[in-house]
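Structure first, commentary second.
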Amino acid sequence: MFVRSKSTEDLASLLDWLTEQPEFRGRCEVVRGRPGPGEMGAGAEALHILLDGTGPALVTGLWGWLAGRRRSRTTIEVTTADHRRVTVSSDDPDEARRQLRALLEKTGPR
10 MFVRSKSTED LASLLDWLTE QPEFRGRCEV VRGRPGPGEM GAGAEALHIL LDGTGPALVT
70 GLWGWLAGRR RSRTTIEVTT ADHRRVTVSS DDPDEARRQL RALLEKTGPR
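Heads up: the sequence shown begins at 10 in our numbering, then just goes up one per residue.
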């Protein structure tokens with residue numbers, strides 16, 4: 010599973026938060042992409058999270074992290090290994106939780 014954000018600060022915050030959770034320690038890594046056409050810099054960044062049966066915990070974790078960020082608008086895109094994706098925001102963490110749960114219900118261990 011990959012989590013992307015336009016904000017590298019949001020990704021860093023999420024990575025810090027996830028690595029504090031025992032079930033995700035050692036399962037997260039930052040992935041840097043190549044710059045797109047006409048772009049400069051290191052390219053997009055994403056978090057790669059190995060689920061391996063931790064999907065339900067990830068829904069709870071992402072929801073809790075987003076809910077705690079209501080003061081700063083945070084939007085992330087979650088993509089599964091089979092290329093299904095959802096974009097969720099801190100504007101409505103309950104809707105984010107519903108969408109994440111629906112996305113991950115069909116995702117087996119990876």
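Glycine included, each C-beta is placed from N, C-alpha and C at the ideal position.
Could you give the first and the last residue of the continuous alpha helix (DSSP H) run that contains residue i?
| i | result |
| --- | --- |
| residue 90 | That residue, residue 90, is in no alpha helix (DSSP H); it is neither H nor E in DSSP. |
| residue 102 | 102-114 |
Who are residue i's beta bridge partners in DSSP?
| i | result |
| --- | --- |
| residue 55 | 13 and 40 |
| residue 97 | 85 |
Would you report the Cα separation of residue i and residue j, rounded to the nearest angstrom?
| i | j | result |
| --- | --- | --- |
| residue 64 | residue 106 | 12 Å |
| residue 66 | residue 16 | 24 Å |
| residue 48 | residue 35 | Residue confidence for residue 48 is low, a pLDDT of 46 falling below 50, so the modelled location carries little weight and cannot support an answer. |
| residue 83 | residue 14 | 8 Å |
| residue 38 | residue 108 | 23 Å |
For the candidate residues the options, whose alpha-carbon lies nearest to that of residue i?
| i | options | result |
| --- | --- | --- |
| residue 121 | 78, 99, 25 and 108 | Absent from the model: residue 121. The displayed extent of the chain is 10 to 119, so no value can be given. |
| residue 71 | 27, 93, 91 and 82 | 27 |
| residue 114 | 74, 93 and 38 | 93 |
| residue 41 | 110, 12, 98 and 81 | 12 |
| residue 102 | 73, 54 and 30 | 73 |
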